[in-house]
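Visitor: These protein sequences, in sequence, are chains A and B. In terms of the working numbering, the first sequence has 398 at position 398, counting the first letter as 1, and numbering is strictly consecutive. Each position in the second sequence, counted from 1, maps to that position plus 411 in the working numbering. Submitted below is the structure of interest, expressed as structure tokens.
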Amino acid sequence: MSENTVAPISRKDLAALQLPVLEASTLPPDCYHSQAAYDAEVKHIFTKEWNCVGRVEDIPNPGDYFTKDIITEPVLVARDGDGVIRAMLNVCRHRGCKVVENAGTVKNFKCPYHGWLYALNGELRGAPEFKETVGFDKSTFGLKPVRCEIWEGFIFVNLDPEATSLADRFSEVSKFGFEAYEVGTHINIHRWRFELKCNWKTYVENYIEAYHVPWVHAETLGATAASLKKVIYHPDITEQQWDLILTPGPSMTLHPSHVPQFRQAEKVKQLPDKYRGLPVWAGYPGFAVIPMLDCTLWHTILPLGPDTMEIVVGIAFPPETGKAYLEGDEKVRELCDAYARNQEKIMGEDNDICERQQLGLKAQRAAPGRFCKHEILAWKFDNWVAKMAYDDQPQGGGAVQPARAAALNAR
Amino acid sequence: MTALAVIDVCGYVLPAAELLYERAVGPLRGHWPELGDRLALTLPTPGIGDWNSCYTRFVSNADIGLAADGSPATPSPLPMPVAQRRDFLEARILHDNARGRLRALEALGIDMQVLHPASGLDTLTDLGTAAGALLFNAYNSYVTGYCEKGLKQLKAVLQLHPLATEWAGSELGWWGAHPAVAGVTVHLPASVPADSAELAEVCETVAKAGLTLFHRAGSSAASWTPPAFLSFLRSQKLPDRYPDLTVALVGWPEEKLAEWAPDLWQWPTGTGRVLAAVGSPHSLPGRENAALWASNFPFDAPDLAERIEAIRKTGFGTAGAERILANRMPASSAVSPPVSVAFSA
Ligand code: FES
Ligand SMILES: [Fe+2]
């Protein structure tokens with residue numbers, strides 16, 4: 001690394017990104033496909049930060065489990081017999097075989113290689129033929145625990161044993177009205193998973209700016225350029241690791257008629273005006289939740305490589321609706337499915353545009369662009385990535401300055 | 412006054428199914444998923460030396476029926492003969508903490524304890540002969556391994572499937588001469604008829620090996636009362652042909668023993684005899700020489716400490732227990748374990 005370079009971004013490009021948003025340049029296109037940028041993000045972000053892997057209702061009963069690979073790290077999330085949800089490294093402590101695949105319901109986890117048997121909490125319970133092995137103590141060979149926390153029904157894991165708790169990072173969310181939506185009680189009924197040919201950051205930037213909405217979602221969201229004026233970005237709302245974008249007003253539903261079909265949470269009506277509307281809560285690196293009038297939409301994003309990513313999108317409904325849906329109530333099913341079809345259209349639009357952006361970013365002569373006022377959170381996010389992953393020389397001044405964001409909002 | 416030895420012929424282990432799996436021979440391990448329907452996820456019961464987190468155990472079909480829809484767990488707590496909880500008992504003495512049990516026995520003043528399987532194994536005789544025999548084999552491997560942590564204090568009772576005739580021979584060849592072994596229980600489910608040729612063959616294998624037969628209530632269907640079992644053995648002329656054959660009755664209610672008394676004690680004159688395990692020195696009036704002492708630890712009665720005190724003072728049951736422990740299979744008769752076994756659940 002030369003003196004003037006902060007790999008994988010040049011010091012000049014980093015400095016340009018760190019200017020106040022309306023003076024700043026965007027991340028250089030290289031950062032969206034270079035192996036160096038990807039490796040740095042995996043090392044400093046995805047194996048260090050909290051990643052959402054699912055909902056508690058995915059594993060409602062004792063013995064239910066699912067697996068999730070956080071890049072190279074296979075993770076297993078299971079509900080124990082006493083109801084506690086835990087995460088573990090899905091790697092056998094004998095000779096490293098991946099223990100289970102996909103999802104299911106079991107009473108024990110059995111490694112397919114030599115049959116080591118683990119309890120639902122990861123304790124090693126059966127190690128056949130190890131009676132004679134000298135100094136072998138089963139109690140020290142359980143599946144490695146992975147940090148796991150539940151927030152509003154979402155299951156988050158963190159591969160860094162030293163990470164600060166998720167609860168501490170999201171504690172202020174409640175001040176801004178999130179709890180009114182009762183997202184924690186909602187039941188997810190539809191889920192989509194896409195592997196997209198784009199860098200994960202393109203997608204995060206996409207959902208934290210409304211600038212694209214009138215063009216990309218003209219039909220589905222009925223948006224016009226005028227509606228952009230109403231969107232409020234809250235870059236200074238918290239020092240914690242999340243951001244809020246709010247479209248003030250009566251919020252929305254995903255039903256194509258634009259009329260909510262299900263119960264709306266009472267407390268939402270009592271929110272102070274400044275927090276009423278359609279909020280998008282974005283938790284970094286790759287989580288977003290959009291509570292609506294009568295449903296919740298959520299996204300999780302994980303990179304699969306420098307220019308590929310996975311997005312999982314879910315739609316959850318109030319408990320009575322979710323329950324009726326799962327029990328096969330035909331009317332409820334028909335309504336919920338209409339929400340889901342509508343969401344599919346909107347997602348399709350975002351998926352296409354991000355892949356299309358990636359095609360352009362790969363061009364050899366592609367160069368950094370600029371931000372407008374609607375992209376302040378994208379600017380803030382890009383600075384966060386740069387600070388977390390690229391800027392390994394802190395004296396270079398990589399920190400995002402909240403004061404700059406405040407200055408912008410005042411304009 | 413010298414303290415007389417306190418020998419307890421009935422303590423319990425309740426190995427988590429994971430421990431049986433671990434000790435199982437290859438074919439059973441490979442076929443473990445086929446037994447999965449009979450495994451219940453079990454919440455630990457505090458104060459009886461249970462595991463400290465959820466584990467699996469074999470339960471009866473009826474218990475499986477009680478499980479909530481979509482859940483592999485049976486309602487907790489499972490029916491468990493818990494008389495008393497003692498919070499000082501170490502975790503897992505029912506499972507794999509043999510050293511913890513040794514500490515508990517020492518604290519209680521029990522010098523030696525014979526171990527039986529608590530509910531779990533008893534529910535398995537309906538699995539089919541091959542699977543059942545393999546599971547009993549796994550238990551036998553488990554319990555002898557458990558006792559190896561304290562061979563002076565811990566003794567094992569091997570478990571045999573009543574219909575697995577060939578297995579009985581290889582099982583005793585495999586485990587019978589283990590220094591921990593105090594005898595054998597042949598399981599007696601209702602499905603085994605009163606004139607079963609297979610059962611006769613299995614019992615004869617035990618008699619031939621010179622080991623005591625433990626006839627335990629928990630492993631016997633209602634029809635297989637002690638009088639029924641003893642009369643079966645007599646009908647097979649086993650006491651005549653094996654004059655050393657000793658039968659120990661364990662876990663039978665004392666009032667029932669009194670009721671059956673006339674049928675119980677008729678045994679040909681040899682060194683063999685019928686012995687019965689009871690909880691206190693006053694339980695078998697007039698038959699003290701046929702008595703064994705049973706604590707049922709850790710599912711014992713609240714007054715265990717006083718009972719132990721009385722046992723130590725009187726030496727009650729010690730003579731009977733010593734004669735059982737003298738019944739041994741010579742070490743030279745041990746054979747190597749079978750390499751492969753057929754499986755059909
Ligand atoms: S690698 Fe898992 S049991 Fe050997
Ligand atoms: Fe969009």
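Glycine residues also receive a C-beta, built at the ideal position from the N, C-alpha and C atoms.
1. For the beta strand (DSSP E) that residue 68/A lies in, which residues bound it at each end?
2. Going by the C-beta, is residue 198/A closer than 6 Å to any heavy atom of ligand 1?
3. Rounded to the nearest angstrom, what separates residue 636/B and residue 628/B at their Cα positions?
4. Could you spell out where the alpha helix (DSSP H) holding residue 645/B opens and where it closes?
5. List the DSSP bridge partners of residue 631/B.
6. Please name the residue, chosen from 633/B, 681/B, 465/B, that lies closest to residue 483/B on a Cα-to-Cα basis.
7. Is it buried or exposed, residue 436/B, if we count other Cβ atoms within 10 angstroms and call 16 or more buried?
8. By how many angstroms is the C-alpha of residue 380/A removed from the C-alpha of residue 374/A?
9. At a cut of 8 Å, does the segment 295-309 of chain A reach the segment 164-173 of chain A through at least three beta carbon pairs?
10. Would you say residue 471/B faces chain A, with C-beta separation under 7 Å as the test?
11. Measure the C-alpha to C-alpha separation of residue 288/A and residue 569/B and round it to an integer number of angstroms.
12. Take residue 76/A as the anchor and find which of 337/A, 332/A, 109/A, 46/A has the nearest alpha-carbon.
13. Using a threshold of 7 Å, state whether the C-beta atoms of residue 632/B and residue 600/B are closer than that.
14. Any beta-carbon of chain B closer than 7 Å to the one on residue 399/A?
15. What are the residues of the segment 102-135 of chain A that lie near chain B, defined by any Cβ-Cβ distance shorter than 7 Å?
16. From the DSSP output, read off the bridge partner residues of residue 190/A.
17. On the three-pair Cβ rule with 8 Å, is the segment 76-89 of chain A touching the segment 42-59 of chain A?
18. Please determine, among 105/A, 255/A, 292/A, the residue with the shortest C-alpha to C-alpha distance to residue 275/A.
19. Can you have a look at residue 445/A and say buried or exposed, based on whether 16 or more other CB atoms are within 10 angstroms of its CB?
20. So residue 421/B and residue 688/B are supposed to be a Cβ contact under 8 Å. How far apart are they, rounded?
21. Check the Cβ-Cβ distances between residue 294/A and every residue of chain B, and say whether any is below 7 Å.
22. For residue 143/A, tell me which candidate among 218/A, 29/A, 51/A, 119/A has the shortest Cα-Cα distance.
23. In the segment 248-276 of chain A, which residue ranges form an unbroken alpha helix (DSSP H) of at least 4 residues, counting only runs that do not cross its ends?
24. With distance defined between alpha-carbon atoms, name the residue in 703/B, 538/B, 583/B nearest to residue 418/B.
25. At the 7 Å Cβ level, is residue 558/B part of the contact set with chain A, yes or no?
26. Go to residue 566/B, then tell me how far its beta strand (DSSP E) extends in each direction, as first and last residue.
27. From the beta carbon of residue 248/A, is the nearest beta carbon of chain B less than 7 Å away?
28. Which value, in whole angstroms, describes the spacing of the CA atoms of residue 310/A and residue 68/A?
29. Mind listing the chain B neighbours of residue 82/A? Cutoff is C-beta to C-beta under 7 Å, in chain order.
30. With residue 423/B as the anchor, note down where its beta strand (DSSP E) starts and where it stops.
31. What is the C-beta distance between residue 254/A and residue 189/A, in whole angstroms, given that I count them as a contact (C-beta under 8 Å)?
32. Hey, out of 41/A, 305/A, 111/A, whose CA is closest to residue 462/A's CA?
33. Straight-line CA distance for residue 603/B to residue 423/B?
34. At a CB distance below 7 Å, what residues from the segment 33-63 of chain A approach chain C? Give them in sequence order.
35. Select from 385/A, 383/A, 378/A, 361/A the residue whose C-alpha is nearest the C-alpha of residue 33/A.
36. So, using beta-carbon positions, are residue 66/A and residue 103/A closer together than 7 Å?
Guide: Reading it off the structure:
1. Counting from one through the first sequence, the residue named residue 68/A turns up at place 68. Residue range 64-70 is occupied by the beta strand (DSSP E) that includes residue 68/A.
2. Looking up residue 198/A in the first sequence gives position 198. No; taking the cut-off as 6 Å, the Cβ of residue 198/A has no heavy atom of ligand 1 nearer than that.
3. Locating residue 636/B in the second sequence gives position 225, where the first residue counts as 1. Locating residue 628/B in the second sequence gives position 217, where the first residue counts as 1. Going by the C-alpha atoms only, they are around 8 Å apart.
4. Locating residue 645/B in the second sequence gives position 234, counting from the first residue. Taken as a continuous stretch (DSSP letters only), the alpha helix (DSSP H) holding residue 645/B covers 637-646.
5. Here residue 631/B is taken as the residue at index 220 of the second sequence, counted from 1. For residue 631/B, which the question treats as bridged, DSSP gives the partners 599/B.
6. Translated into positions along the second sequence, residue 483/B becomes position 72. The residue with the shortest Cα to Cα distance from residue 483/B is 465/B.
7. Position 25 of the second sequence, counted from the start, is the residue given in the question as residue 436/B. So residue 436/B ends up on the buried side.
8. Working through the first sequence from its first residue, we reach residue 374/A at position 374. Working through the first sequence from its first residue, we reach residue 380/A at position 380. The straight-line gap from Cα to Cα measures roughly 12 Å.
9. As far as the Cβ criterion goes, the segment 295-309 of chain A does not touch the segment 164-173 of chain A, which means the pair count is below three.
10. Counting from 1 along the second sequence, the entry for residue 471/B is found at position 60. So no, residue 471/B is outside the interface.
11. Here residue 288/A refers to the residue found at position 288 when the first sequence is read from its first residue. Here residue 569/B refers to the residue found at position 158 when the second sequence is read from its first residue. For residue 288/A and residue 569/B, the distance between alpha carbons rounds to 60 Å.
12. For this step, residue 76/A is matched to residue 76 along the first sequence. Per the Cα distances, 109/A.
13. Here residue 632/B corresponds to residue number 221 of the second sequence, with the count starting at 1. Here residue 600/B corresponds to residue number 189 of the second sequence, with the count starting at 1. Yes. Within cutoff.
14. In the first sequence, residue 399/A corresponds to position 399, counting from 1. At residue 399/A, the pLDDT of 39 sits below 50, so the modelled position is not reliable and the matter cannot be decided from this model.
15. 105, 107, 108, 115, 117, 119, 120, 121, 123, 125, 126, 127, 128, 131
16. Counting from 1 along the first sequence, the entry for residue 190/A is found at position 190. Paired residues: 315/A.
17. yes
18. Working through the first sequence from its first residue, we reach residue 275/A at position 275. Out of 105/A, 255/A, 292/A, 292/A has the C-alpha closest to the C-alpha of residue 275/A.
19. As displayed, chain A neither begins before 1 nor continues past 411, which places residue 445/A out of reach and without an answer.
20. On the second sequence, position 10 is the one that residue 421/B refers to. On the second sequence, position 277 is the one that residue 688/B refers to. For residue 421/B against residue 688/B, the beta-carbon gap comes to about 5 Å, under 8 Å, which counts as contact.
21. The residue you call residue 294/A lines up with position 294 of the first sequence. So, not an interface residue.
22. On the first sequence, position 143 is the one that residue 143/A refers to. Measuring from the Cα of residue 143/A, the nearest candidate turns out to be 119/A.
23. 266-269
24. Taking the second sequence and counting its residues from 1, one reaches residue 418/B at position 7. The candidate whose alpha carbon is nearest that of residue 418/B is 703/B.
25. Taking the first residue of the second sequence as 1, we reach residue 558/B at position 147. Not one chain A Cβ lies under 7 Å of residue 558/B.
26. Residue numbering aside, residue 566/B sits at position 155 when the second sequence is read from its first letter. In the DSSP assignment, residue 566/B falls within the unbroken beta strand (DSSP E) covering 565-571.
27. For this step, residue 248/A is matched to residue 248 along the first sequence. No, residue 248/A does not count as interfacial toward chain B.
28. Counting from 1 along the first sequence, the entry for residue 310/A is found at position 310. Counting from 1 along the first sequence, the entry for residue 68/A is found at position 68. Going from the Cα of residue 310/A to the Cα of residue 68/A covers about 12 Å.
29. Here residue 82/A corresponds to residue number 82 of the first sequence, with the count starting at 1. Per Cβ cutoff of 7 Å: 454, 465.
30. Start at 1 with the first residue of the second sequence, and residue 423/B comes out as number 12. Note, residue 423/B: beta strand (DSSP E), 418-424.
31. Taking the first sequence and counting its residues from 1, the one referred to as residue 254/A is at position 254. Taking the first sequence and counting its residues from 1, the one referred to as residue 189/A is at position 189. Rounded, the Cβ-Cβ distance is 12 Å, inconsistent with contact.
32. Residue 462/A lies beyond the residue range present for chain A, which begins at 1 and ends at 411; the question has no answer from this structure.
33. Residue mapping note: residue 603/B aligns to position 192 of the second sequence, counting from 1. Residue mapping note: residue 423/B aligns to position 12 of the second sequence, counting from 1. Going from the Cα of residue 603/B to the Cα of residue 423/B covers about 25 Å.
34. You won't find chain C in this structure, because its protein chains are A and B.
35. Along the first sequence, read from residue 1 onward, the residue named residue 33/A stands at position 33. Measuring from the Cα of residue 33/A, the nearest candidate turns out to be 361/A.
36. Stepping through the first sequence from its first residue, residue 66/A is reached at position 66. Stepping through the first sequence from its first residue, residue 103/A is reached at position 103. The answer is yes: Cβ separation under 7 Å.
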